[in-house]
Amino acid sequence: MRKNIVAGNWKMNTTLEEGVELANAVNSLLEDHKANCEVIVCVPFTHLTSVHAVLNPELVKLGAEDCSAHDKGAYTGEVSAAMVKSTGAEYVILGHSERRQYFGEGNELLLAKTKLALENGLKPIFCVGEVLEQREDGSYNDVVKGQVEALFSLSAEDFSKIVIAYEPVWAIGTGKTATADQAQDMHAHIRKVVEEKYGKEIADNCSILYGGSCKPANAPEIFGKPDVDGGLIGGAALKADSFMGIIEAFD
Ligand code: PEP
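Each residue of the sequence shown is one higher than the one before, counting from 1302 in our numbering.
This is how it looks when you write it as structure tokens:
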């Protein structure tokens, strides 16, 4: 059966020293209280190696927040999937709405990144989600379907390695959360879209995370929905206690 997952997305926060301190704090809370789900911290590129050194891989997995759409070569400033993998990371967030919105990342580029991540043995956490206007004009199911379908040239074997994160853009960092029912409806929709392409077994085994102003107070209700398999957590992942409070939603 599919895994429950709580993944933190630190975004462009913490210096290296602060990041190592946060990773240590998360790790020691989990040593005292083992999680009932997979826990991942997705950290800035600059922190990957040092954070990897302090995490117990039995308790917390490591991820990056992005990787390049290019394999290697003359792309100054880019970080390849192979480089990410070589730090000990297992996961990589791709298609976060901030990448789509501020860096113009679209379906074709994200498919290229996803393929390279998979070829290099990374598991993509592939983000999808509508903006407020699309929620309000009722096109949100089609928008998200299109974002998921961007991956449908992948083989079934490759697709089965992907974690999907549904993150309504209007709920990210805004303090405004989708209701548990809105999350459930969209997650069930995504699972159906996956089922129509790859079949019931792959759809049933696909972990679909919710993201958008998730907190210890609202996580139990959202994660309690049958098609919600955990969360991708931004702001609340920057404090070990609040991140732990969300992980405990699975206790
Ligand atoms: C995110 O950026 O993936 C996210 C869900 O952020 P926040 O939890 O801060 O809304």
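Don't be surprised by glycine CBs; every beta carbon is placed ideally from N, CA and C.
DSSP state of residue i mapped onto helix, strand, coil
i, result
"Pro1425", "strand"
"Gly1320", "helix"
"Gly1546", "helix"
"Gly1512", "strand"
"Gly1474", "coil"
"Ala1418", "helix"
"Val1432", "coil"
"Ala1600", "Only positions 1302 to 1552 of the chain appear in the structure, and residue 1600 is not among them; the question remains open."
"Gly1309", "strand"
"Ala1537", "helix"
"Ala1336", "coil"
"Ala1451", "coil"
The ligand PEP heavy atom lying under 6 Å from the CB of residue i
i, result
"Asn1314", "no"
"Gly1536", "yes"
"Gly1512", "yes"
"Ile1547", "no"
"Gly1320", "no"
"Gly1474", "yes"
"Asn1257", "Nothing in the structure corresponds to residue 1257, since the chain is present only between 1302 and 1552."
"Asn1310", "yes"
Between the CA atoms of residue j and residue i - distance to the nearest angstrom
i, j, result
"Ser1387", "Phe1427", "20 Å"
"Ser1351", "Val1321", "7 Å"
"Ala1472", "Lys1312", "16 Å"
"Lys1373", "Gly1525", "42 Å"
"Ile1306", "Asp1530", "6 Å"
"Leu1533", "Ala1370", "22 Å"
"Ala1509", "Phe1460", "Residue 1509 is actually Ile in this sequence, not Ala. C-alpha separation (whole angstroms): 13 Å."
"His1488", "Tyr1467", "7 Å"
"Val1569", "Glu1420", "The chain is shown from 1302 up to 1552; residue 1569 falls before or after that span and cannot be answered."
"Ala1520", "Leu1412", "30 Å"
"Ala1354", "Asp1505", "34 Å"
"Val1342", "Leu1323", "10 Å"
Any non-hydrogen atom of the ligand NAD closer than 6 Å to residue i Cβ
i, result
"Leu1533", "In terms of ligand content, the structure shown lacks the ligand NAD and carries the ligand PEP instead."
What are the uninterrupted segments assigned as alpha helix (DSSP H) that are 4 or more residues long and contained completely in the region 1482-1535, given in chain order? List check, alpha helix (DSSP H) in window: 1501-1506 and 1520-1524.
Unbroken stretches of the beta strand (DSSP E), 3 residues or longer, contained in the region 1342-1404: You should have 1362-1365 and 1392-1395.
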